[in-house]
Amino acid sequence: MATAETAPNSSVAFVVNGAAVTVQGHPMSRLLDVLREDCKLFGTKEGCGEGECGACSVFVDGVLVNSCLVPLCQVQGSSIETIEGLSAHPRLRVLQDAFVRDGGAQCGICTPGMLMAAAALIRVRDDADEAEIRTALAGNLCRCTGYVRIVDAVVNACAELRALGGAT
Amino acid sequence: MQPAGPPAYPRRMHDGAWVGRSVSRREGSDKVSGKLAYIDDLSRPGMLHGVTVRSPVARARIRGISFGPGVPWDEIVVVGPKDLPGPNVVKLIDVDQPLLADGEVRHCDEPILLLAHADRAVAERARAAVILDLEPLPAVFDLDAALRGDVIVWGSDNLFREYRVHNGDVDAGMADPDVVILEGVYDTGAQEQMYIEPQGMIAEVDAHGVTVRGSLQCPYYVHSALVALFELPADRVRVIQAATGGGFGGKEEYPSIIAAHAAVLARKAGRPVKIIYDRVEDVMATTKRHPSRTRVRTAVRKDGTMVALDIDFVIDGGAYLTLSPVVLSRGTIHAAGPYRWPNVRIHARAVATSHPPHGAFRGFGAPQSVFALERHLDRVASRLGLDPAELRRRNFLRQGDRTAVGQVVHEPVDLDAVLDRALEMSNWAEKRARFEVENRAGGPTRRGLGLAFFYHGAGFTGAGEVHLASVAHTEATADGRVKVLTASTEIGQGTNTIFTQIVADAVGLPLDRVDIAEPDTAAVPDSGPTVASRTTMVVGQLVRDAAAQLRTALVDAGLLAADADRDQTAAAFGPAVAAYVERHGSLRGQATYRPPDGIHWDEKKFHGDAYAAYAWAAYVAEVTVDLRTAEVRVDDFVAVQEAGRIVNPTMAAGQIEGGVAQGIGWAIYERIVWKDGRVRNPQMTNYIIPTAVDTPPIRVVFVPPFLGDAAPSKGIGELPMDGPAPAVLAAVAHATGTEPMAIPMLPEQLMIILEEHRHGDR
Ligand code: FES
Ligand code: FES
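These protein sequence lines are chains A and B, in that order. Sequential numbering of the first sequence, starting at 1, is according to the working numbering. Sequential numbering of the second sequence, starting at 169, is according to the working numbering.
Structure (structure tokens):
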């Protein structure tokens, strides 16, 4: 939390979803709080605050991380992508549509993180089999779906992307 | 806030009904874009953050509270029991639970004091600086000790509620010379709901009244608690559901406490107050599934005919009564299963202990008693040398039979069809035989197949629905739209989408002409709580009736042709409503619950028609047990059920799959570790729920409704919680030749069972 209480302040500059931002805050502030409170990007969720649930997943310089475990000082100069930036990528919109159509989102609280994890996989390859997909999503907890329809959505999105061809 | 705009559905109607189609979730695009705002995503100008000071011990006299150094106490809003606007109680079934412990604490993590500050970090620091002077009192955590009354923690005998069921002559049945008697004791542990969104509320209090928003299942439960606390007329208390990240019962009763806490802080502060629990606080303080212990004794003939059943069912209610009587009631009614027992005796008790109160969790008592019976019947089958499926089949309830509490089965049930489908899908006979041969060959792993058969009553138990007298409203507007107003909440299960489908069919409109009102007690009627698998079945029917009234009114007024098809209705509806509103001022529909004919429940005798409808199910689990590590892997899961008409197949299957995963978790992963009445593992790191790699493929089938295509829908939310645990344990028993009797069964518990089995001292 960037508050008077948490001084000393430092100034950290980074890029979020393509836009440059500079944030004043305690160097050890959690990236999760910075995104939500300073950048007003509320799509990144907190389910545990300790790196277990994956609800806070974002990309930092293209790498999938739990933003509750990343201190602000570590993202100086980084490029961060959150769920709000996902639909800018047409191929990832295919994934979002598959989640809606196939029942991959129920209460929706795990969904942004789950999509980021699935996107991390799809960006690398769109031919993953079910076991690989399950492994790729194993860091993201969902209590509603039993994962069946989440996995289906990713399988189906992969198939569509292969049919579409082209790079991510 | 809830999404209000119309969803992007095709404008043209398909032939046929929307009900029965896998229409996409209404709020789906807001969920996948991250736009949907949950309670922690909202704030109010000038808002403070509230925190709760809790008891570190289970039972104590509060001698004093002091405020330690290093905190700007003059900036902190402090609320204790003396600062409440009205009675210090959480209004539920009883009024035994205080909002803030006054003088005495009765369980760990009971709220004692509330603090608020604009900076959450300061509020947290203040919480840590409060010094509690507590004089420990004797506490009780063990069910038997509580029943014996070693320490009395509630009333005169620690007994929250007791029910008895008695049919036929159990003693005579047990004395039958042709029967095999078997007895067993089955235990189930506490289970955390572990919705991924922790609980939270924002409250505002001004001269007019109280407004709270939050993560909750039952707006009118919170409303009634606040009305009682603030002693205000109902229309000066307003409760609004924010988007809610899962509930599973965990957001049924507890949100009333958080709402009240936030509201009393807001009242004192004169500013809005937000309370968000973090994960640790949520797990430690809020309700869990009731632990249970069930003693089952049966008399069954050698041919498998069930003769007598004697059950002693005990659940641990924790320190306050909360919902325990109703949880006990559902557990008791489900205890004998869907079988024909000529002689049944059930003694059921909910007992007070010094644990935090246990509460609503998907299944509500039934998973506990179903686990005991189904586990027991497997043991009976093995004693008799019968296939477990065959033992059940020989005793299935049939049309015209009575359940243990005397409810006549009027439906033309065909339980064989449900069972056969599950056996066929799981390749039961072939695999059981093959695994038995392979297991005898040795090696480090064993495989097994296990079955559970069960039913689950939907809607409130007994006369509950009559007392609720739920109401649904609809309203048509001149722009040709229909708005649905209910207090039913969307918590992931699909309420918004399912109501949309039902209303579009009832009026004859495209889906995108239906709006669902935000659950806001200032705008929607009391349609009862969103619990007990009742939303689609009970409220869905009210919504349909209230929507059909709109069409009927237009037809009767000569504004819409009675035989207008869907396209014609879509074109004519707007102008017709405009003309109607011009004449009459508005066009509204309203439906109030009326029990189906001939339904009667006698609560005193605990006898009669316990539920308006039952869903019936056969679940089969396939497991691999690693003898070296005692780890159990569920490789495949088949879930077959009859649940009446399915409104949205994708969402219905999603409900079953999610419930099965939770049931598997309860069986083999999720263990609450207690130490002196306190949860020792309140984190996702040490309380393990299944991940995508722990969860098997779950193959879900809804068999054709027993009542044919025109059948009504039955509730399915809770059903899938009943079957997985007994099925998984049966599969482990099949794989290993052991008889596990308790869950959760983690490797450390199974290891002991395997050791004992190896040494033959079972
Ligand atoms: S909130 Fe970051 S992993 Fe759970
Ligand atoms: S959809 Fe609710 S937690 Fe995943």
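Using N, Cα and C, we set each Cβ at its ideal position, and we do this for glycine too.
Neighbourhood of His544/B by C-beta distance below 6 Å, restricted to the same chain and skipping five residues each side: By 1-based counting over the second sequence, the position of residue 544/B is 376. If we look at His544/B and ignore the five residues flanking it on each side, its Cβ neighbours are Gly352, Val464.
Starting from Tyr787/B, trace the beta strand (DSSP E) in both directions and tell me its first and last residue. Along the second sequence, one-based indexing puts residue 787/B at 619. Here the beta strand (DSSP E) through Tyr787/B covers 781 to 794.
Is the shortest distance between the beta-carbon of Leu302/B and the beta-carbons of chain A less than 8 Å? Looking up residue 302/B in the second sequence gives position 134. No, no contact with chain A.
Pull up the distance between the alpha-carbon of Asp683/B and that of Gly827/B, whole angstroms please. Taking the second sequence and counting its residues from 1, the one referred to as residue 683/B is at position 515. Taking the second sequence and counting its residues from 1, the one referred to as residue 827/B is at position 659. About 29 Å.
Taking Pro112/A as the query, report the chain B residues whose CB atoms sit under 9 Å from its CB, ordered along the chain. For the purposes of this step, residue 112/A is taken as the residue at position 112 of the first sequence. Within chain B, the residues near Pro112/A are Lys199, Val200, Ser201, Gly202.
What residue range is occupied by the uninterrupted alpha helix (DSSP H) comprising Tyr748/B? In the second sequence, residue 748/B corresponds to position 580, counting from 1. Residues 734 to 752.
Quick check on the burial criterion: 16 or more other C-beta atoms within 10 angstroms. Buried or exposed for Glu916/B? Position 748 of the second sequence, counted from the start, is the residue given in the question as residue 916/B. By the neighbour-count rule (16 or more Cβ atoms within 10 Å), Glu916/B is not buried but exposed.
Could you list which residues in chain A have their beta carbon closer than 9 Å to that of Arg447/B, in chain order? Along the second sequence, one-based indexing puts residue 447/B at 279. Going along chain A in sequence order, the residues near Arg447/B (Cβ under 9 Å) are Glu46, Gly47, Cys48, Gly49, Glu50, Glu52, Cys53.
8 Å Cβ cutoff, Ser192/B in contact with chain A: Here residue 192/B refers to the residue found at position 24 of the second sequence. Chain A contact via Cβ: present.
With distances taken Cα to Cα, identify the nearest neighbour of Ser87/A among Met852/B, Lys199/B, Ala590/B. By 1-based counting over the first sequence, the position of residue 87/A is 87. Checking every option, the nearest Cα to that of Ser87/A belongs to Lys199/B.
Phe622/B - DSSP class collapsed to helix/strand/coil: Position 454 of the second sequence, counted from the start, is the residue given in the question as residue 622/B. The answer is strand: DSSP assigns Phe622/B an E or B state.
For a contact defined as C-beta to C-beta under 7 Å, what are the partners of Glu84/A on chain B? Within the first sequence, residue 84/A is the residue found at index 84, counting from 1. Those within 7 Å of Glu84/A in chain B are Gly202.
Chain-order list of residues whose beta-carbon lies under 7 Å from that of Trp769/B (same chain, five-residue window excluded): As a position in the second sequence, residue 769/B is number 601, starting the count at 1. These residues qualify, in order along the chain: Gly630, Ala631, Gly776, Asp777, Ala778.
Residues, ordered as in the chain, of the stretch 360 to 381 of chain B that lie near chain A by beta-carbon distance below 9 Å: Gln361, Met362, Tyr363, Ile364, Glu365, Pro366
Which chain B residues sit within Cβ distance under 7 Å of Ser87/A? The residue you call residue 87/A lines up with position 87 of the first sequence. Simply Ser201.
Would you kindly work out how many angstroms separate the C-alpha atoms of Gly486/B and Ala20/A, rounded to a whole number? For the purposes of this step, residue 486/B is taken as the residue at position 318 of the second sequence. For the purposes of this step, residue 20/A is taken as the residue at position 20 of the first sequence. Their Cα atoms are separated by approximately 53 Å.
Pull up the distance between the alpha-carbon of Asp102/A and that of Ala55/A, whole angstroms please. One-based indexing of the first sequence puts residue 102/A at position 102. One-based indexing of the first sequence puts residue 55/A at position 55. Between Asp102/A and Ala55/A, the C-alpha separation is close to 20 Å.
Please determine whether the Cβ atom of Ala105/A lies at a distance below 7 Å from any heavy atom of ligand 2. Within the first sequence, the letter at position 105 stands for residue 105/A. Yes - ligand 2 has a heavy atom lying nearer than 7 Å to the Cβ of Ala105/A.
DSSP on Met1/A, reduced to helix/strand/coil? Within the first sequence, numbered from 1, the residue matching residue 1/A stands at position 1. At Met1/A the pLDDT is 42, less than 50, meaning the model places this residue with poor confidence and gives no usable figure here.
Three-state secondary structure (DSSP) at Val573/B? The residue given as residue 573/B occupies position 405 in the second sequence. Looking at Val573/B - three-state DSSP - the assignment turns out to be coil, as it is neither helix nor strand.
8 Å CB neighbourhood of Leu955/B in its chain, flanking five on each side removed: Lying before the first or after the last residue shown, residue 955/B is absent from chain B, which here runs from 169 to 930.
Checking contacts by CB at 8 Å: is Ala296/B closer than that to chain A? The residue given as residue 296/B occupies position 128 in the second sequence. Judged by the 8 Å Cβ criterion, Ala296/B is not in contact with chain A.
Would you list the one or two residues that DSSP bridges to Arg222/B? By 1-based counting over the second sequence, the position of residue 222/B is 54. According to DSSP, which records beta bridges pairwise, Arg222/B is partnered with Pro279/B.
Could you name each continuous beta strand (DSSP E) segment of 3 residues or more that falls completely within the stretch 448 to 521 of chain B, going from the start of the chain to the end? 460 to 469, 474 to 486, 511 to 520
How many Å lie between Met919/B and Ala910/B at the Cα? What you label residue 919/B is simply residue 751 of the second sequence in a count that begins at 1. What you label residue 910/B is simply residue 742 of the second sequence in a count that begins at 1. Going by the C-alpha atoms only, they are around 13 Å apart.
Would you grab the beta carbon distance between Ala789/B and Phe539/B for me? Rounded to a whole angstrom, and I think it's under 8 Å. Translated into positions along the second sequence, residue 789/B becomes position 621. Translated into positions along the second sequence, residue 539/B becomes position 371. Actually they do not touch by this definition, with Cβ atoms about 13 Å apart.
Please find out if some non-hydrogen atom of ligand 1 comes closer than 7 Å to the beta-carbon of Asn66/A. Looking up residue 66/A in the first sequence gives position 66. It does: the Cβ of Asn66/A is within 7 Å (strictly closer) of some heavy atom of ligand 1.
Cα separation between Arg453/B and Pro524/B? Locating residue 453/B in the second sequence gives position 285, counting from the first residue. Locating residue 524/B in the second sequence gives position 356, counting from the first residue. Here residue 453/B is Ala; the residue named in the question, Arg, does not match the sequence. Spanning the two alpha carbons is a distance of roughly 7 Å.
Look up Gly822/B in the DSSP assignment and say whether it is helix, strand or coil. The count along the second sequence starts at 1 and reaches residue 822/B at position 654. Here Gly822/B sits in helix by DSSP.
If contacts are defined as beta-carbon pairs under 8 Å, then Ala516/B and Thr490/B qualify, I think. What distance do you get, rounded to the angstrom? Your numbering for residue 516/B matches position 348 in the second sequence. Your numbering for residue 490/B matches position 322 in the second sequence. So it is not a contact: roughly 17 Å between Cβ atoms.
Three-way DSSP call (helix, strand, coil) for Arg846/B in this model: Along the second sequence, read from residue 1 onward, the residue named residue 846/B stands at position 678. Here Arg846/B sits in strand by DSSP.
Under 8 Å: do the stretch 296 to 303 of chain B and the stretch 216 to 232 of chain B share three or more Cβ pairs, one atom per stretch? yes
Any beta carbon from chain A within less than 8 Å of Tyr206/B's own beta carbon? Reading the second sequence from its first residue, position 38 is the one you call residue 206/B. Yes, Tyr206/B lies at the interface with chain A (some Cβ there is under 8 Å from its Cβ).
Measure the C-alpha to C-alpha separation of Leu41/A and Gln830/B and round it to an integer number of angstroms. Residue numbering aside, residue 41/A sits at position 41 when the first sequence is read from its first letter. Residue numbering aside, residue 830/B sits at position 662 when the second sequence is read from its first letter. Approximately 31 Å between the Cα atoms of the pair.
Along chain B, which residues have their Cβ under 7 Å away from the Cβ of Val151/A? The residue labelled residue 151/A in the question sits at position 151 within the first sequence. Ordered by position in chain B, the residues that pass the 7 Å Cβ test against Val151/A are Ala860.
Put Ser190/B into one of helix, strand or coil per three-state DSSP. In the second sequence, counting from the first residue as 1, residue 190/B sits at position 22. Ser190/B falls in the coil class under three-state DSSP.
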